[in-house]
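K.L.:
In the numbering used here, the protein residues as written are 78 to 702.
1. Looking at C-beta atoms only, is the number of pairs between the region 222-242 and the region 257-274 that lie closer than 8 Å three or more?
2. Count the other CB atoms, across all protein chains shown, that sit within 10 Å of the CB of residue 303; report buried if there are 16 or more and exposed otherwise.
3. So, at 7 Å on beta carbons, what are the nonlocal neighbours of residue 107 in its own chain, with the 5 sequence-adjacent residues on each side left out?
4. Does the beta-carbon of residue 347 have 16 or more other beta-carbons within 10 angstroms, so that it is buried, or is it exposed?
5. Mapping DSSP to helix, strand and coil, what is residue 287?
6. Go through the region 272-360 residue by residue and report every complete run of the alpha helix (DSSP H) that reaches 4 residues or more, in order.
7. To the nearest angstrom, how far is it from the Cα of residue 706 to the Cα of residue 89?
8. In angstroms with no decimal places, state the Cα-to-Cα distance between residue 547 and residue 539.
9. Could you tell me the boundaries of the alpha helix (DSSP H) in which residue 380 lies?
10. Can you name the residues that DSSP bridges to residue 609?
11. Let me make sure I understand the geometry here. Which of 187, 317, 262, 695 has the alpha-carbon closest to that of residue 298?
12. What residues in its chain sit with their C-beta under 7 Å from that of residue 709, if we drop five residues either side in the sequence?
13. Going by the DSSP bridge assignment, what does residue 396 pair with across the sheet?
14. Within 10 angstroms of its Cβ, does residue 130 collect 16 or more other Cβ (buried), or is it exposed?
15. Where residue 280 and residue 313 are concerned, what is the direct C-alpha to C-alpha distance, given to the nearest angstrom?
16. Can you find at least 3 beta carbon pairs, one from the region 182-190 and one from the region 232-241, that sit closer than 8 Å?
17. Excluding the 5 residues flanking residue 400 on each side, which residues of the same chain have their C-beta closer than 7 Å to its C-beta?
18. Work out the CA separation of residue 332 and residue 425 for me, nearest whole Å.
19. Check whether the Cβ atoms of residue 376 and residue 349 lie closer than 8 Å to each other.
20. Using 8 Å for Cβ pairs, my map puts residue 680 next to residue 688. What's the rounded Cβ distance?
21. Compute the Euclidean distance between the alpha carbons of residue 663 and residue 603, then round it to the nearest angstrom.
22. Name the one or two DSSP bridge partners that residue 439 has.
23. Out of 669, 677, 665, state which residue places its alpha-carbon closest to the alpha-carbon of residue 642.
24. Classify residue 48 as buried or exposed, calling it buried when 16 or more other Cβ atoms lie within 10 Å of its own Cβ.
25. My output table needs one value for residue 586: the three-state DSSP class, helix, strand or coil.
26. Return the residue from the list 164, 635, 449, 210 that minimises the CA-CA distance to residue 139.
27. Can you name the start and end residues of the alpha helix (DSSP H) that residue 209 belongs to?
28. Need the endpoints of the alpha helix (DSSP H) that residue 186 sits in, please.
29. Is it true that the region 584-594 meets the region 616-630, where meeting means three or more beta-carbon pairs spaced less than 8 Å apart?
30. Kindly list the residues whose CB is nearer than 7 Å to the CB of residue 309, restricted to its own chain and excluding five residues on each side of it in sequence; keep chain order.
31. Buried or exposed for residue 574, please, with buried defined as at least 16 other CB atoms from any protein chain shown within 10 angstroms of its CB.
32. In whole angstroms, give me the CA-to-CA distance for residue 471 and residue 489.
33. Let's see if you can read the secondary structure: which residues bound the beta strand (DSSP E) around residue 580?
34. For a test of the three-state rule: what should DSSP assign to residue 538, helix, strand or coil?
35. Please determine, among 158, 439, 193, the residue with the shortest C-alpha to C-alpha distance to residue 205.
36. Along the beta strand (DSSP E) that carries residue 625, what are the first and last residues, could you check?
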């Protein structure tokens, strides 16, 4: 524990800062202490120096005392005594009695003691006596006193010199303490900077370099710092981190590689599914799945794949696609797929111990065949491979089912169109032919009766008229049956219809008002809408005897589609039997396919109006959703 503490950078730098602070504090307190000791040195030196002046003053006043007149001598003596007492007070003051310390030497103490002893025992008594007995002052007494005073002053000068030396020693000591403190502080600061450089700066520089290498992707970078402090712990941690990053990066690269391979497989699988979907959804009846099976073998790395396609009524395959050059099992040579169709359930493929996986191609309990993958014991089927086989089998089954449904729908449509053609022929051309047959029979009877030429010519005219009508009806039927929606859109088809009508009936003014070009109608809706418009315009052309026919296609506020065919003819006949009931039935039937309503009525002023109203499929689908 203590080793860890002593090796700590914080502890070391803190210790140095503590030592620097401690030296500074010691220096400061020492300087303050010595300054306090020297507080009164200046005053002492000044007072000691003034003693010399007062000594000479006292001598001068004594020297003048005999010259003072009698009436003022007492006053002069009092003043002299005051000077003596002042001198005594100064020399006996507490300041002069300085406390002994390391700067006070014996010579100073001896000099101070001698001066005091000299003053009190010799000089002061004599001066006081002479001041009180001025008659004793003569030349010899004054000369003796002068010598004593001068010797005394010399002693005072010596004492002042000693006081000055003591003061200078104290100042010198303060300077020495400050110099030593500055030196020690500088030394400690240098040691601290050296420690920082050696223990902090260089390791940090090395750690920074290692961190930069790691940042650039060099996860093999390591630091060689071996210290028992915080930076050593940081270096050890960074080395462990670099090692962990190296391991993690290696694992990440492996995961990325595996993920890339998985994405590549997924991409190839999606491409295969897309190609299979395109192939199955082709409009032609030729379906060649050999490319799909071969590509499936390449992606899954399974070289032995079989695809057997059967009909709903039989288990005998009509197509067998294999990817491996092998001898087929006896059941395959016999053309029986029943055992494979009733084989294992691939839903739990990991528990299947057989040598082959069978994926039924089935939709709505209708079997279309089976997809077989023959396995090796050392290469089991992986999850993604199983999923791809399942998806391909499902996609083929859905595609074959859709093709079957489309084929069924085409059959139904063909039957319906044949039924429509039959009813159209029965109502129009068959009626005309029946009428011609009746006229031919009538002509035969007239010839048998040897009828007149006029009667025969009448029948021949009727035959010509009937033939012309039958030919016209045949052309109308051909035009109707050949009707197609132009690739440019329904509007262009309507315009072509109007153009054809104008050519056939130049005496009629045909107008078109088309305002549904923004609606996404289905092809079935467009065909029914066009056929109803064709039937209604033909009826108006043939039976209205009007001069104007208007075709309008538009939508209301509810987005319902309106088809309106109006004319300015004679209107609906009073006798309903004269109406083309078969044409009306056809239009009614087509409106039912559109889930719409059709009405035929007289116009407000004259003529006839045929109106169809229906709701488009896309609106019905959105409402149901």
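Glycine residues also receive a C-beta, built at the ideal position from the N, C-alpha and C atoms. A quick note: this is a predicted structure, and the numbers were derived from the prediction, not measured.
P.N.:
Quick look at the numbers:
1. No, the region 222-242 does not touch the region 257-274.
2. Walking along the chain shown from the start, residue 303 turns up at place 226. Classification of residue 303: exposed, given that the 10 Å Cβ count is below 16.
3. The residue given as residue 107 occupies position 30 in the chain shown. Correct list, in chain order: 254.
4. Residue mapping note: residue 347 aligns to position 270 of the chain shown, counting from 1. Residue 347 is exposed by the Cβ-count criterion.
5. Locating residue 287 in the chain shown gives position 210, counting from the first residue. Residue state, collapsed to three classes: helix.
6. 279-292, 307-357
7. No answer is possible for residue 706: it lies beyond the span of the chain, which begins at 78 and ends at 702.
8. For the purposes of this step, residue 547 is identified with residue 470 of the chain shown, where counting begins at 1. For the purposes of this step, residue 539 is identified with residue 462 of the chain shown, where counting begins at 1. The straight-line gap from Cα to Cα measures roughly 12 Å.
9. Along the chain shown, one-based indexing puts residue 380 at 303. Counting along the chain, residue 380 falls outside any alpha helix (DSSP H), and DSSP gives it neither H nor E.
10. Residue numbering aside, residue 609 sits at position 532 when the chain shown is read from its first letter. Bridge partners of residue 609: none, in fact.
11. Within the chain shown, numbered from 1, the residue matching residue 298 stands at position 221. Nearest of 187, 317, 262, 695 to residue 298, Cα basis: 317.
12. The shown model of the chain, from 78 to 702, leaves out residue 709, and the question about it has no answer.
13. Taking the chain shown and counting its residues from 1, one reaches residue 396 at position 319. Its beta-bridge partners are 386.
14. The residue you call residue 130 lines up with position 53 of the chain shown. Exposed is the call here.
15. Position 203 of the chain shown, counting from 1, holds the residue named residue 280. Position 236 of the chain shown, counting from 1, holds the residue named residue 313. Roughly 12 Å separates the two Cα atoms.
16. yes
17. Stepping through the chain shown from its first residue, residue 400 is reached at position 323. Spatial neighbours of residue 400 in its own chain (CB-CB distance under 7 Å, excluding positions within 5 residues in sequence) are listed in chain order as 370, 371, 374, 380, 381, 382.
18. Locating residue 425 in the chain shown gives position 348, counting from the first residue. Locating residue 332 in the chain shown gives position 255, counting from the first residue. Residue placement at residue 425 is flagged as unreliable, the pLDDT there being 49, under the threshold of 50; the coordinate-derived value follows with that caveat. Rounded to whole angstroms, residue 425 to residue 332 spans 27 Å at the Cα level.
19. The count along the chain shown starts at 1 and reaches residue 376 at position 299. The count along the chain shown starts at 1 and reaches residue 349 at position 272. In this structure, residue 349 lies closer than 8 Å to residue 376 by Cβ.
20. For the purposes of this step, residue 680 is identified with residue 603 of the chain shown, where counting begins at 1. For the purposes of this step, residue 688 is identified with residue 611 of the chain shown, where counting begins at 1. In fact, because the Cβ distance is near 11 Å, the residues do not count as touching under 8 Å.
21. Within the chain shown, the letter at position 586 stands for residue 663. Within the chain shown, the letter at position 526 stands for residue 603. Residue 663 and residue 603: Cα-Cα distance of roughly 16 Å.
22. Residue numbering aside, residue 439 sits at position 362 when the chain shown is read from its first letter. Under DSSP, the beta-bridge partners assigned to residue 439 are 444.
23. Residue 642 sits at position 565 when you count from the first residue of the chain shown. Measuring from the Cα of residue 642, the nearest candidate turns out to be 677.
24. Shown here, the chain extends from 78 to 702; a query on residue 48 therefore has no answer.
25. Locating residue 586 in the chain shown gives position 509, where the first residue counts as 1. Of the three classes helix, strand and coil, the one that applies to residue 586 here is strand, per DSSP.
26. Taking the chain shown and counting its residues from 1, one reaches residue 139 at position 62. Just measuring C-alpha positions, the residue of 164, 635, 449, 210 sitting nearest residue 139 is 210.
27. Start at 1 with the first residue of the chain shown, and residue 209 comes out as number 132. That run of the alpha helix (DSSP H) goes 201-209.
28. As a position in the chain shown, residue 186 is number 109, starting the count at 1. Per DSSP, residue 186 belongs to the alpha helix (DSSP H) from 183-195.
29. yes
30. Here residue 309 is taken as the residue at index 232 of the chain shown, counted from 1. Excluding residues within five positions, the ones whose Cβ falls inside 7 Å are 302, 303.
31. On the chain shown, residue 574 is found 497 positions in, with the first residue counted as 1. Looking at its Cβ environment, which holds 16 or more other Cβ atoms inside 10 Å, residue 574 is buried.
32. Along the chain shown, one-based indexing puts residue 471 at 394. Along the chain shown, one-based indexing puts residue 489 at 412. If you take the alpha carbons of residue 471 and residue 489, they lie about 26 Å apart.
33. Numbered from 1 along the chain shown, position 503 holds the residue referred to as residue 580. Premise fails: residue 580 lies in the alpha helix (DSSP H), 567-581, not in any beta strand (DSSP E).
34. For the purposes of this step, residue 538 is identified with residue 461 of the chain shown, where counting begins at 1. Helix at residue 538.
35. Numbered from its first residue, the chain shown carries residue 205 at position 128. Comparing Cα positions, the closest option is 158.
36. Residue mapping note: residue 625 aligns to position 548 of the chain shown, counting from 1. Note, residue 625: beta strand (DSSP E), 625-632.
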